[in-house]
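Asker: Before I ask anything, here is the structure I am working with.
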Amino acid sequence: MNIYLKIIGIQFLALIFGGMLLEILFDIPEWLSLVIVGLIFFCTYFAVQIRCSINKSSGEVSSDGIAGARLCGIFISSILLPFILGIYIYQAINIIMILAGVLLLLICRKNISSFFFENKWKKIFWMIYLGCLFLLCGVFSIFACMDIAPCIGLKGVPRIVAIGIWAIVVRSTLPPNTLLSRFATNNYKINANK
């Protein structure tokens, strides 16, 4: 059987069982269950693709791979954080987060390029991560809060799941030599050779 057909089959199985579990086990809003099921669909594909790519890749992680992984981690975290904290619809908090993000990035401006392009981790990188996270989180919330105004935040089990996903995202995107950075490095090499 073609590898892509296998991946699609795994995706649909994850989609069906994920949707059933969400409906049976958790009492969550319909829009949130659709978002989670969609994430399950795409994450299954990416997990299989990353695993296959890692098995074929060799060599050191490139600066492009590090930048790709860390940007991906910041982007996903900035979407999850407002729902975890329940601050999505509070404009004053969103503005404070933007200002705090800009301030943190100004304080750490000399290390920003190192954060995105060096395959290592320093303590000051946490400040850069939080600065980027607060800035994007505030911007996303300001421009989208009117669309999802009924959602004040996740509670109970969905919040615990979201915190777990956030921890996995941080662990798999920020440290040196992560699977995602090696996957991104391999992709850049393939595209560069075309």
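Numbers given in our numbering equal positions in the sequence shown, counted from 1, plus 43.
Backbone N, C-alpha and C define an ideal beta-carbon position, used for all residues, glycine too.
(1) Quick one: is K163 near chain C, going by C-beta distance under 8 Å?
(2) If I measure Cβ to Cβ from P218 and keep anything under 7 Å in the same chain, skipping five residues before and after, which residues do I get?
(3) For V145 and G174, what's the separation of their Cα atoms in angstroms?
(4) State buried or exposed for V212, treating a residue as buried only when at least 16 other CB atoms are found within 10 Å of its CB.
(5) In the DSSP assignment, find the alpha helix (DSSP H) that holds W209 and state where it starts and stops.
(6) Could you compute how far the alpha carbon of I127 sits from the alpha carbon of A210?
(7) What's the C-alpha gap between I150 and A143?
(8) Can you tell me whether S121 is buried or exposed, with buried defined as 16 or more other CB within 10 angstroms of its CB?
(9) Would A110 and F186 qualify as a contact pair, given that the criterion is a beta-carbon distance under 8 Å?
Answerer: So, to answer that:
(1) No chain C appears in the structure shown, which is made up of a single protein chain.
(2) W164
(3) 6 Å
(4) buried
(5) 200-216
(6) 12 Å
(7) 11 Å
(8) buried
(9) no
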